[in-house]
Amino acid sequence: MTTVNGNIEAKGLTIRANLSSDGDDYISLTDIAKYEDEDNPRYIIQNWMRNRSTVDYLAIWEELHNPNFNRVEFEAVTKNAGRNAFVMTPQKWIDSTNAIGIISKSGRYGGTYAHSDIAFEFASWISAEFKLYIIKDYQRLKQAESDHLSLDWSARREIAKTNYKVHTDAIKEHIIDEKLPARYVNFTYANEADVINVALFGITAKEWRDTHPKEKGNVRDAANLAQLIILANLEMLNAEFIKAGLSQRDRLQKLRDIAVSQLKSISNVASVKRLQKRFGK
């Protein structure tokens, strides 16, 4: 799972959001509450949580999504919910019921956050109109993130295609005999592709499929970002090694040594770490 920070713009307010790759997005209740009281948003949240209907809603959400929800403590809470003396805060709710739908964060993106299901319910309590503006820009933010991811993955695929073409051209020009029957040509290409697979992943395409029968795609589809970067490098290097006339055995050893060395280096590059966190690869 990966998370990306973003902003929702609604009725002149900026509302912070944490978008998650698994769809469990969290939105700042603190920022939403500022629509009602910019100076004391926590009191708005507490007033909302004092309502019996709010507590019931939060409990139902937790029961649907949280196997560790403390139902016994919730029952104790409901005995006083709605009374004039009843006080409920986000942290008290979290501590007493093991809730996950509401979280408290510190730091730059600090404040009280809630799952989008709960955040929209809170916004509706403040203003139905305001809620609609939030939902509209939230959908825009989600679409923008989706488009960005699609663009980046498309670029990566195109780069991979270019390197693959260089690799196969080298195989065609320096390995495949013009007299080789057509039925063996694809075998030669696959065999050379496995040189890269073994050098980088330590396994052939067939071995990966045999050990991952339920997985879709192939061993390269399962690669992380660092491995994909190295894969592109190895294909270019193997093409040059083929042109230089190195044997497959020598090429495999050289490529393996390079893969190990580059993996150690690239895995520690900050930009690669950020991208892997962003794209979950």
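All residue numbers for the sequence shown refer to my numbering, where the first residue is 8 and numbers rise by one.
Every residue, glycine too, gets a C-beta built ideally from N, C-alpha and C.
If you're wondering where the values come from, they're calculated on a predicted model, not measured in any experiment.
For Lys221, the three-state secondary structure derived from DSSP is coil.
Annotation: Arg57 is outside any alpha helix (DSSP H) and is labelled neither H nor E by DSSP. If you draw a straight line from the Cα of Glu80 to the Cα of Thr104, it comes to about 6 Å. The DSSP-derived three-state label of Asn198 is helix. Counting along the chain, Ile22 sits inside the beta strand (DSSP E) bounded by residues 20-27.
Of the candidates Ser113, Arg57, Asp63, Lys112, the residue whose Cα lies closest to the Cα of Phe93 is Arg57. The continuous alpha helix (DSSP H) containing Lys250 extends over residues 232-250.
Among the bridge pairs identified by DSSP, Val11 is matched with Leu26. If one requires a minimum length of 3 residues, no beta strand (DSSP E) run lies completely within the stretch 37-94. Here DSSP, grouped into helix, strand and coil, assigns Thr96 to coil. Ranked by Cα distance from Gln269, the options Ala206, Ala212, Ala246 are led by Ala206. Residue environment for Thr21: exposed (fewer than 16 other C-beta atoms within 10 angstroms of its C-beta). Among the bridge pairs identified by DSSP, Ile110 is matched with Tyr120. Ile107 places its beta carbon 8 Å or farther from that of Phe127. Assigned with DSSP and collapsed to three states, Ala229 falls in coil, not helix or strand. Using a Cβ-Cβ distance cut-off of 8 Å, the stretch 118-134 and the stretch 58-71 are in contact, since at least three pairs of beta carbons, one from each stretch, lie closer than that value.
Burial check for Tyr50: the Cβ neighbour count within 10 Å stays below 16, so the residue is exposed. Contact check for Leu238 against Leu262 fails: the beta carbons are separated by 8 Å or more. With respect to the C-alpha of Gly30, the residue from Pro97, Val11, Arg90, Lys41 having the closest C-alpha is Val11. For Ser35, the pairing in a beta bridge is given by DSSP as Tyr120. Taking Glu45 as the centre and dropping the five residues before and after it, the same chain places no C-beta closer than 6 Å to its C-beta.
Ile133 and Ile39 do touch by the CB rule: their CB atoms are close to 7 Å apart, below 8 Å.
Per DSSP, the continuous alpha helix (DSSP H) segment holding Leu270 begins and ends at 255-273. A distance of 8 Å or more separates the beta carbons of Asp201 and Ala17.
Non-local C-beta neighbours of Phe137 in its own chain, meaning closer than 7 Å and more than five positions away in sequence, comprise Ala17, Lys18, Tyr42, Ala130, ordered along the chain. Proximity to Ser113 across Thr37, Arg90, Phe248, Ile125 peaks at Thr37, based on C-alpha coordinates. Ala17 is bridged by DSSP to Leu20. Here the alpha carbons of Val226 and Asn73 stand approximately 34 Å from one another.
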